[in-house]
Structure formats: structure tokens, C-alpha cells
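Novice: All you need for this note's numbering is the position in the first sequence, starting with 1, plus 103. For every residue, glycine included, the Cβ atom is placed at its ideal position computed from N, Cα and C.
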Amino acid sequence: MNIRDIEPHLAAIRDKTLREVEIPEEAIDEIDFEKPPDPEMGDLAIPCYALAPHLKKPPPEIAEQLAERLEATAEDDDSDSGLIGTICPNGPYVNITLAPSRLADVVVTDALDRERFGGDVVETSEHWMIEYSAPNTNKPQHLGHVRNDLLGESVATLAEFGGHDVERVNLINDRGIHICKSMVAYQIDGERETPDEAGLKGDHFVGHYYVRFNELIDDEYDEWKSTDEAEREFRDWVEREREADRLPDELGEQEPQIREAFFESFRDNYFNDYSELGERARDMLQRWEEGDDEVLELWETMNGWVLDGFDETYERLGVEFDHVYYESNTYELGREIVEQGLEAGLFERLDDGAVAFDLEEVGLDDRKILLRSDGTTVYMTQDLGTAMQRFEAYDLDQMIYVVGDEQDYHFDVLFRILAELEPELEGKLHHLSYGMVDLPEGKMKSREGKVVDADDLMDEMHDLAEDAVRDRYETLDEDEIERRAERIGLAALTYHVLDYNPRTNVQFDPEESIDFQGRTGPYCLYSYARIQSIGRRVGGWPDLDGEARAEALQALGTDREMEVVRHLRNWPDRIEEAVRDLDPSEITEYVFELSQSFSSLYNDPDHRIVDLEGPRRDGLLLLARAVGRTLETALDLIGIDVLEEM
RNA sequence: GAUCCCGUAGCUCAGUCGGACAGAGCAUCGGGUUCCUAACCCGAAGGUCGGAGGUUCAAAUCCUCCCGGGAUCACCA
């Protein structure tokens, strides 16, 4: 018997008993085991509410009688080999407690022997593709990107461990007006300077010019605000607002504020209609699309710098991809699909030549443009194209996009259009939507340089960890300090970021930084390191099997030991849940709980392994070893590398 | 204006496909080391689950309305 046989085994006994009292099959199907709120009550519970209508008795009475019958059925069943400890009614529930020593034997044996303990739990193995990161190449990554990177990487690793076949994909947004902004600023300000000369990482170097461009635009805009053109735009707007009764006839003392609000909202219009720098950036984009050599060369150079920078960041974060695509290559994909859809009558051509999809056909409002009137593609076109291409090339069962929740609507529309184009894709598309990371003062803004930079943050975590390591050791090899500081710092960051449910909007306070104490990555690493320390102290883990091992494991049974055992038992179920929900925070929670239950045991005077002897000592050593193995696996799934010593 | 997400302890968050007394970490207060790493352990205090109705044997969880915060509704990405 192993862990995953326990529940089916008990379910068989339960169902057999229910049949004896003539509960209809469909009612039996409805009944699932629940987990009692307190382990004191038992390991599994059968709620009896649903049986009340069939037996015409109050649930507590049913529970009492059912418990007796279950006991009888279990006694007759010889496949059980003493797994069930007690069966007792408790109000409307029947609680089943498993025999401690037997449970410890089954669970720890599984945890020690199984090649991938907790892995390969999904019902059917599927082919998944997960797209994440998808950065723009005009600026370095910030904490928001880190959340995306870590989420995507972790979900991919989780899905693989759960038993799926996974393709990790990055689609790099290397074209568009935002890149041209950095390029224009570079032409104006930074001719011939390179990241090396500036002593900066390539992505930071280019990001500097992106910020610079926005400063230049701000200056230009401020100057423009006092021109006659600006005044005319303002007056026209005021006129329109008055007609719509949104402004009074006389602005009076309010005028300066109203004026300021107008110019704030007019910023994009200014950029598109009046700005010389805007003109220059758009002109550059135009020339890029025409294949202008000079522009292409600058573009390639600057993109190269950024991508080199990204590679460093990815490597440090432990993020990897199987396939990397570039929008400069894929932005035309989809044009053909749209044209086919047009012929098939799915889309319509508007009077000005643009192609649109009528969203009312899928229950939404308005329409979505798929090809501009000048024939060029939009974001949606590309997403349609890449999706169709991927399903064809990889025969996917599931395509998952890890993208922020501000794009919920985009993906809703994308999936509906895809389902119209190819009904088979229905249910195979998923947007893993996650909340924003905000600072105490509000949103991060790259264009204003108000961000928590990914590389800086990793450096800070490293430094904090380094201080902590130095505090603890008077003499330690410098390389070793570096190695530990890096792992501990990254563990703290990774754990912190993944410990939120993905949909949660996270508030991150850079001042308060990230803790190393309590529910944190370092805490979990520490638990692991202490377990390894026990192994070293006793001169290596005992190599027991067969009878000797069974005897050792069956010597376990105290409350503290059983709490650890119960957590181990939950591991495969937890993986199943985390994969189903695409939620690494299930794993961060698990790692903490397992670490915590072991820490309690570790600190208890009655469970000091070095003070014990005989089978109980061996049993505890095997339990510690099993926890260590499971921690290592679990931490790996959230991208954290363990340390043998801390 | 419409649609979507969120509102739980002083703070940051779990719990939201209905079930047993609403949980954790941090912060606060009190305790623990002649002993395997104190990045630890044990304990205390802290909550009208935004509000009001409703459905149900049972609601933080489902439905309706209201209040508050965020996002989205481009021939941008």
C-alpha cells in the first residue's frame, strides 16, 4: 500500500457500508471525505447531512449508526492490514483516525522510496504550452516582471512534476513605438556610447534612454502648453464640455486646475498630433517597417544590449525557456487567418477597408478591429496567428498565457474569436491572470523611473543575506559566504513573491524589504539545513529496509511525529491542487507548514534524536530524511535551491 | 456609463467549486538554550469576515442591492 491507495481503500469500505443501508448510488457518489478541522478528531471525516433525506433521521443519529456499521465492514475486510485506527461519530460526522504506526510506515516509506514522491499525480498527462515573461525591449525588468517570470517558471515546473509535458515559451516584444522612443533618445543624447563604456547592464543602459525620452517629451510639452495651438485645443475642449453640461459657463478660480487636468489627459494626443519627438519616433517606426538599414542596425544593436541584460536576470532568477519568439518575426502571422475568416464570413470588412469581428456574436459589446484600414496588423491579429500556429505545430492540449489582469478583457476576446475560428480550441486556452505589484505610493511607472528594479532588488536581498551570514560565522570562506548569501537572498525574494495567490494585488514596500524570519524562504531553507545537520551528526542516514525499517517506522506515533507524517501524507494531494489551480502559493504554504511541523518536533526535548536509541531513533531519522527530501523537492518547484548548511 | 477583480486581526495576506469553534506571518506582550544550527520553539492578546436583505438544515463562501478601492472598455501593446 502507498499513500494514494489509502483514500480509495477507505472509500470502498464506506461505499460498501452505505449500499448495505440502501443508499442510492447517486447519493453515494455525492459523498466525499472531508478533512476534520482538528487532527485530534481524525484523519478523514464522512459528513452525514446528505444521507438524512434517504434515511429520514437527523445527521447525528445517522453518524452514530454508520460508525458502528463501518466498524463491522472494516473488520470483515482483510486487505486493510490494520490501517484503520478508530471510527467514531462526532455530531453529524463520522471521523476516521488511521492507526498511527501503520500510517507512519506507509507514508514515510513512500516519501523515501518513490523516485518522484508527490509527482505524476494528474489523471491524464497532457501537452501544455506556457507563455510567460514576454518583456518589452526598451527597459529593464521590474518587480512586476519578476512576479510574472517566477509565476510562469513555477507553474511550468509544477505542471511537469505533476505529470504534464510542458513547453516554456517567451514572446519578446522587440518592436513598436516604445523601442523607437529609446532609440530616438539615444540618437539625441548618447551617440556612440555603449553599455560597457557606461558601466551598465545593457537593459539598464537602454532603459536610461527610455526615461530620457520621456523627460525630453515633458520639456517639449511644457513649452508647447504656452503656444497659441495649445490654447486653441484647450478652448475647443472647454467648449465641448460646456455643451455637454460638464463645465459651467464661467470657469472662474477653478481655471488653473481645469487647465492642468486637461493637459494631463491631452498628453497622448499631443504626442500623436503635435510633438516633434513623437513625429521622430513614429518616423523611425515607419522606417523600421520599410527595412531602412540605418534604423535596423541601431535597432539590432540596442535590442542586443537589452537581451543580453535579460539573459543575466533570467539566469539569476532561475527562469528558462524552451522556445523564444520575437514579435519582429511574428507580428504578421495571423493576417492570413484573418483573411480566411473574412472569406468564411466570420469577420466583416468595414467601409474604410479595416477588418473587424462583431463581438455581439459572442455576447460582448461593440466590435474588435483585426486589420487596420491601412492593412497592418494589430496585437490581436498576432495573438490569433501565434495561437493557431502553436496548436498546429505542437498538438497542444492546453495553452496558458501568464499575463497581468489588466489584460483580462483582451484574452476574453482572443479566446472567443479563436473558438469561432476553430471550435476544437474551446477549453484549451487559459489566461493565468495575476494582480499588479504596487508600491505604497501607487503604481510603478517605468517611464518615470519609479520602479523596484529586478536586478537592484536581487542585489539588496543578497546583501541582507550576506550580513546575516557574516553575523553567524566568524570564519567562513568568502566564496562560501557569497554562495549562501545568493541562495538565501533569492529564496527570500522568490518565496515572498510566490506566497501570494496569483490574483491578489500585492503591495510591496521597499523600505520594509523582505523578511528572513517567520513564513519566509530562509525559514524553510533553515529547516532543511537543520535536518541535514542531524544526518551529519549521526554519521549518515541509516540504510534500513524490510523488517528493520518497518519496525523503526512503526515505533513512531507521538502527536508531534504524527503531525509531520500527516503533512507528508498531504503532499501528493497538494501537488494535484497546485497543478489544477496553477497556483504556486499552494506550495509555499505547504513548505512552510511542513517546515513548521518539523521545527516543533525538533525543539521538543522528548524528540531529540541524538538522545534516543533503538528503533525509535531510527524511525525519527527516517522521518527527518523523508521531510528533508520532500522539502528539497517542494522548494525546487518554486525555484528555490536548498543549502546543506546555513 | 458598462463589464471584470478586490474589501477578512494594527499591518501584509490565507480561507471564497456552502459544512464542525474564521487561520498564518509580521508587529505587541510573556516564557524557553549545560542539548542535533535561536534565521528556532512555546504561550497570550487581537476579528459586527465592507453594509443590508435573500436562498439553505448550514453562508466569509451562493444570489440581489448599496458603499469603498482597482482594472478594462483603441484601427496601443
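Determine, using beta carbons only, whether residue 547 and residue 247 come nearer to each other than 9 Å.
Specialist: Within the first sequence, residue 547 is the residue found at index 444, counting from 1. Within the first sequence, residue 247 is the residue found at index 144, counting from 1. Yes, Cβ-Cβ distance for residue 547 and residue 247 is below 9 Å.
Novice: Can you give me the start and stop residues for the beta strand (DSSP E) that residue 673 sits inside?
Specialist: Translated into the one-based positions of the first sequence, residue 673 becomes position 570. Residue 673 -> not in any beta strand (DSSP E); alpha helix (DSSP H) instead, spanning 662-684.
Novice: Residue range of the beta strand (DSSP E) that residue 537 falls in?
Specialist: Within the first sequence, residue 537 is the residue found at index 434, counting from 1. 532-537 is the extent of the beta strand (DSSP E) around residue 537.
Novice: Going along the chain, which residues of its own chain have a beta-carbon closer than 7 Å to the beta-carbon of residue 250, five neighbours each way excluded?
Specialist: Residue mapping note: residue 250 aligns to position 147 of the first sequence, counting from 1. Closer than 7 Å at the Cβ level, and outside the excluded window around residue 250, lie 537, 540 and 600.
Novice: Along the chain, where does the alpha helix (DSSP H) that runs through residue 272 open and close?
Specialist: Walking along the first sequence from the start, residue 272 turns up at place 169. From DSSP, residue 272 is part of no alpha helix (DSSP H) but of the beta strand (DSSP E) over 268-275.
Novice: Assess contact between the stretch 498-516 and the stretch 686-699, defined as three or more Cβ pairs (one per stretch) separated by less than 8 Å. Is contact present?
Specialist: no
Novice: Cutting at 6 Å between CB atoms, please list the residues of its own chain near residue 162, excluding the five before and the five after it.
Specialist: Indexing the first sequence from 1 puts residue 162 at position 59. Contacts found: 151, 152, 155 and 195.
Novice: Can the beta-carbon of residue 220 be found less than 9 Å from the beta-carbon of residue 661?
Specialist: Here residue 220 refers to the residue found at position 117 when the first sequence is read from its first residue. Here residue 661 refers to the residue found at position 558 when the first sequence is read from its first residue. No; because the gap between Cβ atoms is not below 9 Å, this pair is not in contact.
Novice: Can you give the Cα-Cα distance for residue 550 and residue 670, rounded to whole angstroms?
Specialist: For the purposes of this step, residue 550 is taken as the residue at position 447 of the first sequence. For the purposes of this step, residue 670 is taken as the residue at position 567 of the first sequence. Each residue's alpha carbon lies about 47 Å from the other.
Novice: Under 8 Å Cβ to Cβ from residue 619, same chain only, skipping five residues before and after it: list those, please.
Specialist: The count along the first sequence starts at 1 and reaches residue 619 at position 516. Closer than 8 Å at Cβ, skipping near neighbours: 567, 568, 571, 591, 595, 625 and 626.
Novice: Return the residue from the list 260, 553 and 369 that minimises the CA-CA distance to residue 335.
Specialist: One-based indexing of the first sequence puts residue 335 at position 232. It is 369 whose Cα lies nearest to the Cα of residue 335.
Novice: From which residue to which residue does the alpha helix (DSSP H) around residue 565 run?
Specialist: In the first sequence, the residue the question calls residue 565 occupies position 462. Note, residue 565: alpha helix (DSSP H), 557-575.
Novice: In this structure, does DSSP put residue 743 in helix, strand or coil?
Specialist: Stepping through the first sequence from its first residue, residue 743 is reached at position 640. Correct three-state label for residue 743: coil.
Novice: Could you please give the first and the last residue of the uninterrupted alpha helix (DSSP H) stretch that includes residue 490?
Specialist: Position 387 of the first sequence holds residue 490. Looking at the DSSP string, the run of the alpha helix (DSSP H) that includes residue 490 is 482-497.
Novice: For residue 423, does the three-state DSSP call read helix, strand or coil?
Specialist: Position 320 of the first sequence, counted from the first residue, corresponds to residue 423. In this structure, residue 423 counts as coil in the three-state DSSP scheme.
Novice: Quick one, are the C-beta atoms of residue 460 and residue 453 less than 9 Å apart?
Specialist: By one-based count along the first sequence, residue 460 stands at place 357. By one-based count along the first sequence, residue 453 stands at place 350. Not a contact, by the Cβ cut-off of 9 Å.
Novice: Does the distance from the CB of residue 609 to the CB of residue 261 come in under 9 Å?
Specialist: Taking the first residue of the first sequence as 1, we reach residue 609 at position 506. Taking the first residue of the first sequence as 1, we reach residue 261 at position 158. Contact flag unset, no.
Novice: May I ask you to report which of helix, strand or coil DSSP gives residue 166?
Specialist: Residue 166 sits at position 63 when you count from the first residue of the first sequence. In the three-state reduction of the DSSP assignment, residue 166 falls in the helix class, which pools H, G and I.
Novice: Since residue 490 contacts residue 634 with CB under 8 Å, what's their CB separation in whole angstroms?
Specialist: Counted from its first residue, the first sequence places residue 490 at position 387. Counted from its first residue, the first sequence places residue 634 at position 531. Not confirmed; about 45 Å, so no contact.
Novice: DSSP state of residue 545, grouped into three classes?
Specialist: Here residue 545 refers to the residue found at position 442 of the first sequence. Three-state DSSP puts residue 545 in a strand.
Novice: Does the stretch 232-239 come close enough to the stretch 497-505 that 3 or more CB-CB pairs lie under 8 Å?
Specialist: yes
Novice: Between the Cα of residue 589 and those of 178, 743 and 513, spot the shortest distance and give me the residue it belongs to.
Specialist: Counting from one through the first sequence, the residue named residue 589 turns up at place 486. When each option's Cα is compared against that of residue 589, the closest is 743.
Novice: Please list, in chain order, all residues of the same chain as residue 407 whose beta carbon is under 8 Å from its beta carbon, the five residues on each side excluded.
Specialist: Counting from 1 along the first sequence, the entry for residue 407 is found at position 304. Excluding its 5 nearest sequence neighbours in each direction, residue 407 has C-beta neighbours in its own chain below 8 Å: 305, listed in chain order.
Novice: For residue 193 and residue 167, I'd like the C-alpha separation in whole angstroms.
Specialist: Here residue 193 refers to the residue found at position 90 of the first sequence. Here residue 167 refers to the residue found at position 64 of the first sequence. Near 8 Å, if we compare the C-alpha coordinates of residue 167 and residue 193.
Novice: What residue range is occupied by the uninterrupted alpha helix (DSSP H) comprising residue 119?
Specialist: For the purposes of this step, residue 119 is taken as residue 16 along the first sequence, with counting starting at 1. Segment 106-123, the alpha helix (DSSP H) holding residue 119.
Novice: DSSP state of residue 363, grouped into three classes?
Specialist: Sequence index remark: in the first sequence, residue 363 carries index 260 (1-based). Residue 363: helix per DSSP, three-state reduction.
Novice: Which partner residues of residue 507 appear in the DSSP bridge assignment?
Specialist: Counted from its first residue, the first sequence places residue 507 at position 404. Paired residue(s): 537.
Novice: Please report how far the alpha carbon of residue 263 lies from the alpha carbon of residue 380, in whole angstroms.
Specialist: Translated into positions along the first sequence, residue 263 becomes position 160. Translated into positions along the first sequence, residue 380 becomes position 277. The alpha-carbon atoms of residue 263 and residue 380 are separated by roughly 48 Å.
Novice: Express the C-alpha separation of residue 224 and residue 245 in angstroms, rounding to a whole number.
Specialist: Taking the first sequence and counting its residues from 1, the one referred to as residue 245 is at position 142. Taking the first sequence and counting its residues from 1, the one referred to as residue 224 is at position 121. Near 35 Å, if we compare the C-alpha coordinates of residue 224 and residue 245.
Novice: Where in the stretch 260-342 do unbroken runs of the alpha helix (DSSP H), each at least 4 residues long, occur, reported from the N-terminal end onward?
Specialist: Whole alpha helix (DSSP H) segments, 4+ residues: 280-292, 298-301 and 305-327.
Novice: How would you label residue 664, buried or exposed, when you count the other beta carbons within 10 angstroms and need 16 or more for buried?
Specialist: Locating residue 664 in the first sequence gives position 561, where the first residue counts as 1. So residue 664 ends up on the buried side.
Novice: If you drop the 5 nearest sequence neighbours on each side, which residues of the same chain put their C-beta closer than 6 Å to that of residue 719?
Specialist: Position 616 of the first sequence, counted from the first residue, corresponds to residue 719. For residue 719, where only same-chain residues beyond five positions count, the Cβ hits under 6 Å are 658.
Novice: Near residue 636, which residues of its chain fall below 8 Å by C-beta distance, leaving aside the five closest residues on each side in sequence?
Specialist: On the first sequence, position 533 is the one that residue 636 refers to. The answer, listed in chain order, is 748.
Novice: If you draw a straight line from the C-alpha of residue 519 to the C-alpha of residue 330, how long is it?
Specialist: Locating residue 519 in the first sequence gives position 416, where the first residue counts as 1. Locating residue 330 in the first sequence gives position 227, where the first residue counts as 1. Rounded to the nearest angstrom, the two C-alpha atoms are 47 Å apart.
Novice: To the nearest angstrom, how far is the alpha carbon of residue 296 from that of residue 573?
Specialist: Reading the first sequence from its first residue, position 193 is the one you call residue 296. Reading the first sequence from its first residue, position 470 is the one you call residue 573. If I take the Cα positions, the gap works out to 39 Å.
Novice: Do you know how far the Cα of residue 179 is from the Cα of residue 126?
Specialist: Taking the first sequence and counting its residues from 1, the one referred to as residue 126 is at position 23. Taking the first sequence and counting its residues from 1, the one referred to as residue 179 is at position 76. Distance between the alpha carbons of residue 126 and residue 179: 20 Å.
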